[in-house]
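Trainee: So the protein lines, in turn, are chains A and B.
Residues in the first sequence are numbered from 1 upward in steps of one, following the UniProt record's numbering.
Residues in the second sequence are numbered from 1 upward in steps of one, following the UniProt record's numbering.
Think of the CB as a built atom: it goes at the ideal place given N, C-alpha and C, for glycine as much as any other residue.
As the structure is a computational prediction, the values presented were derived from the model and not from experiment.
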Amino acid sequence: MNFPWLTTLLVLPLVGALVVALLPRASTAVRPVALGFSLATLAVGLGALTQYRTGSSEQFQLTEVHSWIPQFGVSYALGVDGISLTMILLGLVLVPVCILAAWNDVPVDGRRQHVYFSLMLTLLAAMVGVFAAIDVFLFYVFFEAMLIPVYFLIGMFGGARRWKAATTFLLYSLVGGLIMLVAVIGVYLAGPRGTDGFLVTNLTGLDLSVSAGRWLFLGFFIAFAIKAPMWPVHTWLPLAAEQARPTTSVLLIGVLDKVGTYGMIRFCLALFPEASQWATPVILALALISMVVGALLAIGQNDMLRLISYTSVSHFGFIVMGIFAFTTVGGSGATLYMINHGFTTAGLFLVAGMLIARHGSRDIRDYGGWQRVTPLIAGVLLFSAMSGLALPGLNSFVSEFMVVVGVYQRYTWLGVLAATGVVLAALYMLLMYQRIATGPRPVMADVPDMTGREKLVVAPILAAFLLLGFFPKPVLDVLEPAVQQSLQHVGATDPAPAVDTATAEGSGR
Amino acid sequence: MSVFELTRLVSVAPAAAVEPAAYTPVDGGVAQVGWLMIALPLLGAAVLLFGGRRTDAWGPVVATVLSWASFVVGVLVILQLRGQGADERALQLTMWDWVSAGELDLSAGLLMDPLSLTFVMLITFVGSLIHVYSLGYMEHDPDKRRFFGYLNLFVAAMLLLVLADSYMLLFVGWEGVGLASYLLIGFWNHNPAYATAANKAFIVNRVGDFGMILAMALMFATFGALDYATVHGAASGAGELTLTMLGLLLLLGACAKSAQFPLQSWLGDAMAGPTPVSALIHAATMVTAGVYLVARSQHIFNLTPDAQLAVVVVGAITLVYGAVVGCAKDDIKKALAASTMSQIGYMMLAVGLGPIGYTFAIFHLVTHGFFKAGMFLGAGSVMHAMRDRVDMRRFGSLSGRLKVTWLTFAAGWAAIIGVPLLSGWWSKDLIIEAAFVGEGWRPWVFGLATLITAGITAFYMSRLFFMTFHGKARWEDDIDPHEAPLVMTVPMMVLAVGSLGLGALLWPTGVLDAWLEPVFGHAEHHEPVIPIIAIQVAVFVLMLAGVALAWFRYGREEVPVTAPRGSFATRAARRDLFQDDVNEAFFRAPGAALVDTMVETDREVVDGGLTGGTTGGLTGAAGVLRRAQNGFVRSYALTMLLGVVAILGAVWVMQ
């Protein structure tokens, strides 16, 4: 009998959310229970990983397909390929980290703490659902459902302008979602329909008319571009990131926003290959602009949370470029970047959160000299900043390098322009570190350096930086088949090297 | 197993390029654990940096021991290599599968050949000496442990750089040394200027890394591989333009790392780091990485005369530039930094000359590593005695008080200005002679540049030497100079011995030439456009003239304690020939203006934004949103619906 791994991953955090919510008022068990459920979910996720076969010829594994609303062709269908599996695992790792990081975000008295951690577990369930759905309608449901916990996490627990930020976030997402809904229905109508007509596998390789394919593509793409977020529809992000708790931002930007780039691969490329090729020049241009503009805006920020969110706009530009270069190296780099960016962003946001918790300000100008105040926190900030600027040996480098190389393979000049990102990234990361951590020791009361709990928070992130930097191959091995699959959908083949090295002597490998 | 095929062309041919060879997989011996060379100092860095205060007491000593241990492993690998035939002296050790996706399939591996091991010797020997010296120099620094952690990190990264068997792994070391350099320049970053200097070094180097990354992208697009064996083996199949681009991109990387024109501006500011750092990273080892890169990529550069010419031009410009700047600096470390730029210019020029220059460049790199590191340590000793003052106008007459420093410094000084039979004389003269080889305008331009700069070098180094150690004492009142402890002076003495005798040990005996022959071929004798004896005499005369001029102006004459205004040329040289002004005017200021404008525009959109009603500002998004205009009502409705459901739920939960 097949164990329903993915349903378990979906239900366990929901049960956890419920249990946490139902705990008695002023209970001290809220946080341990929430952490316990998130860790249990992670354990199940690792169990699922052991069941995953890298060499399998199936597009999706661990599949569970049940008829849900057969009248409309909607199925409850879950399954993962290399990309969705790694994204789910990223979420599973980061949620316990964030729960631990959010330990003292909300006071114990009253029920607010119950709500806070309950929402985080709900968010975890939504993450699993959105990445595991292989029914387009089910995906849409999760795509919208995940807005709810985020909306309340920002709106109830954020900074002074939290409701504005939450509303802006919701409006942008809903606009995208509604456009996508039209396309979701449209693609169903264009497909074979029937009782399982929303299954991704049934909608792949449709014989769409050119204009229908392009309109439907746009419907999906706009939603994903907002989510990603790409310039010029990134404008909801800075406000959300600035007002949200850093832990919320980690989950929102580090994991959930990947739905944008994931959706581009899963739906745009697979369902609308012709339109994907057609839109590529514009998308690549927007991605490049995102990369450059995000970086320039990051350089000029004074709010550290905003700054980090702009670096994400820049990194998402890289990811989208890698996806739409249609090369194995670029695509593998982009999907690896999706994971790496999750950890990098987590490191940056969580350290920023530690600083804010101590100093009460998000404004970088209020800092300076903190290497002498909290050397460990400053050290981890620098470590994360190095990951953010893609220092070789740390996680982001391999993925960023692969994206540049993969893009260069097909579009020489775009590759050249993309490579300017390495200079810009050094600017925004190092200037931030310089302004926060260097300079004379500020005259202020002593604040404690990193606590034991905070060390536990950063340890897995730093370990991920190093592991993914030096041993990315196991992850790449999981990702590559899925990338190859998406390239097959689009009908792209890798450009051959200009010089045939097969005949040349001396390959030492 | 294929073998080196040394094609010795007859003397008409300009070059006797070595064919790229296959590497021999490591099979037994110490080379199997060659990775220890990198792992030992890396372990030290990890222990010291993550170990926290509990390692304060013993950390620095452990770091020093590990650096020496790495040296010992290096020596053992060399002994193993010498026991093997000349055609099997390129050992490749594959460590682990690193990256694989499509055509890109790369393992992390090491290449232990005469070239990389020459660097290993320089890095670990000089590096370990400097660790020892730092035990004394940094003794009272509260962050001593962190300093040694960074030093070990540097040694590990630098060894990775030279031992990597692919461009991609080299790049890990390449940026790794950049990181170590950044951390150490900013070691005292409580001083904002030092923090800025650290950033400047990193960011300028990133411009070079932009070139490196594109070089690798081009390599992958052309050869489908990034390892030396495949790329070098297939290089001859690539087009002329591709090879030239490849060469120029690699040169861009080399320019940043080696502080060559036009990316030289960071090196002077990098003197903000503690002096042992300046000796190790910004004189002896890291800044020579660019020379290593070009030499390692000989199979690319040999095929592209245009890129080679670019390398020579960069080297020639920088060697003159550095020397001119060096004449005007009053800060002892900045004067030495300018000299480093200039000397690396010599090396860069030599590697640009192709097969006739590679061995000479590496030779000069090694001797320079000794005498320049020795002089930096001497400068450190002087600063130690002068309470961290660096203004040479406030030095003078230190020869009496700091006898050991004076004598060891004198050895380095005599070596760099080219006193016959000392280390620098052997290596620099070879480069000058090689620069005079060729046809047309080149030997005259490049040869005369190296020749005349040899005279300028004698002038500025003597100026530095006399201003510091001779003339009248111009010390400030609180100064009472005293010699440094043995832990500092012994490394200086060792390096001084190297400055004096290493050249004679390595060159006339043929040791270095024979050792490097499997990599570069035999360093052949070519006829310069003017007789060698004439060149040697000219170098000698110019050297004497430089020393004499410096003696009259800075030894015999009184040196004013405040710098005179000076001629326009002097003022320009003091300002590093306006390098920072140019960068400010053309890059930083416009960049800052661009960022400000964009931030302002974006803020209006974000903070006014959708909900604020100023949708007009949403340039591109506006189109999308207008199309969704109908959807707005629905979206509000849906928001409300979602909201009601969720709020009911939340209220229920909070009951």
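1) Residues in the stretch 399-419 of chain A with C-beta within 7 Å of chain B's C-beta atoms, listed in sequence order?
2) Please identify, using Cβ separations under 8 Å, the residues of the stretch 363-377 of chain A that lie next to chain B, in order along the chain.
3) Could you spell out where the beta strand (DSSP E) holding A:Thr-63 opens and where it closes?
4) Since B:Ala-484 and B:Ser-381 are thought to touch, with beta carbons under 8 Å apart, how far apart are those beta carbons, to the nearest angstrom?
5) Apart from the five residues on each side of it in sequence, which residues of its chain come closer than 7 Å, Cβ to Cβ, to B:Phe-578?
6) Would a check of beta-carbon distances place residue 510 of chain A closer than 7 Å to chain B?
7) Where do the ends of the alpha helix (DSSP H) carrying B:Asp-602 lie?
8) Counting pairs of beta carbons, one from the stretch 394-401 of chain A and one from the stretch 426-436 of chain A, are three or more of them closer than 8 Å?
9) Does any CB atom of chain B fall closer than 7 Å to the CB of A:Ser-27?
10) Which parts of the stretch 318-363 of chain B are runs of the alpha helix (DSSP H), unbroken and 4 residues or longer, counting only runs that do not cross its ends?
11) Does the contact criterion of 3 or more C-beta pairs under 8 Å hold for the stretch 360-370 of chain B versus the stretch 385-392 of chain B?
12) Could you check what DSSP says for B:Tyr-150 in three-state terms: helix, strand or coil?
13) Within the continuous alpha helix (DSSP H) that includes B:Tyr-212, where are the two ends?
14) From the DSSP output, in three-state form, read off A:Tyr-52 for me.
15) Helix, strand or coil: how does DSSP classify A:Ser-57 here?
16) Per the contact definition of three or more C-beta pairs closer than 8 Å, is the stretch 446-465 of chain B in contact with the stretch 318-329 of chain B?
17) For my contact list, residue 664 of chain B and B:Thr-408 are in at a C-beta cut-off of 8 Å; report their separation, rounded to the angstrom.
18) My output table needs one value for B:Trp-266: the three-state DSSP class, helix, strand or coil.
19) Taking contact to mean at least 3 C-beta pairs separated by less than 8 Å, is the stretch 377-385 of chain A in contact with the stretch 447-461 of chain A?
20) Starting from residue 518 of chain A, find everything on chain B with Cβ-Cβ shorter than 8 Å and list it in chain order.
21) Within 10 angstroms of its Cβ, does A:Pro-107 collect 16 or more other Cβ (buried), or is it exposed?
22) In three-state DSSP terms, what is B:Gln-629?
23) Report, in whole angstroms, the separation of the C-beta atoms of A:Gly-421 and A:Met-291, which I expect to be a contact under 8 Å.
24) Tell me where the alpha helix (DSSP H) around B:Tyr-133 begins and ends.
25) How big is the Cα-Cα spacing for B:Trp-475 and B:Phe-395?
26) Using a Cβ-Cβ distance under 7 Å, would A:Asp-207 count as near chain B?
27) Expressed to the nearest angstrom, what Euclidean distance is found between the alpha-carbon atoms of A:Leu-296 and A:Asn-340?
28) Just to confirm the assignment, what range does the alpha helix (DSSP H) spanning B:Thr-450 have?
29) Using the DSSP secondary-structure output, state which residues sit across from B:Leu-106 in a beta bridge.
30) Using a Cβ-Cβ cutoff of less than 6 Å, which residues in the same chain neighbour A:Ile-134 once the five nearest sequence positions on both sides are dropped?
31) Within a Cβ cutoff of 6 Å, which residues of the same chain sit near B:Val-366, ignoring the five residues on either side of it in sequence?
32) Please decide whether B:Ser-100 counts as near chain A, where near means a Cβ-Cβ distance under 7 Å.
33) Shortest alpha-carbon distance to B:Gly-345 belongs to which of B:Ile-432, B:Arg-575, B:Phe-376?
34) So, with DSSP's three-state summary, where would you put B:Ser-427?
35) When you compare only the Cα positions, how much space is there between B:Val-120 and B:Ser-70?
36) Is there at least one Cβ from chain A nearer than 7 Å to residue 737 of chain B's Cβ?
Mentor: Working from what's here:
1) Phe-401, Met-402, Val-404, Val-405, Tyr-408, Gln-409, Gly-415, Val-416, Ala-419
2) Gly-369, Gln-371, Arg-372
3) 61-69
4) 5 Å
5) Ala-572
6) Outside the shown range of chain A, which is 1 to 509, sits residue 510 of chain A, and nothing can be said about it.
7) Segment 589-603, the alpha helix (DSSP H) holding B:Asp-602.
8) no
9) No - not a single Cβ of chain B is within 7 Å of the one on A:Ser-27.
10) 332-352
11) no
12) helix
13) This sequence places Met at residue 212 of chain B; Tyr is not what is there. Where B:Met-212 is concerned, the enclosing alpha helix (DSSP H) stretches over 192-223.
14) coil
15) coil
16) yes
17) Outside the modelled stretch of chain B, which goes from 1 to 655, sits residue 664 of chain B, for which no answer is possible.
18) helix
19) yes
20) An answer regarding residue 518 of chain A cannot be provided, because it is not within the stretch 1 to 509 covered by chain A.
21) exposed
22) Residue confidence is low: B:Gln-629 scores 45 on pLDDT, short of 50, so the model does not pin down where it sits. Its coordinate-derived value is still stated next. Looking at B:Gln-629 - three-state DSSP - the assignment turns out to be helix.
23) 5 Å
24) 114-137
25) Whole-angstrom Cα-Cα distance: 6 Å.
26) no
27) 21 Å
28) 442-469
29) B:Val-99
30) Phe-60, Ala-77, Gly-79, Val-200
31) So the qualifying residues of the chain are Leu-122.
32) At least one chain A Cβ lies under 7 Å of B:Ser-100.
33) B:Ile-432
34) helix
35) When rounded, the distance between both Cα atoms is 9 Å.
36) What the structure shows of chain B is the stretch from 1 to 655, and residue 737 of chain B is not part of that stretch, so it cannot be assessed.
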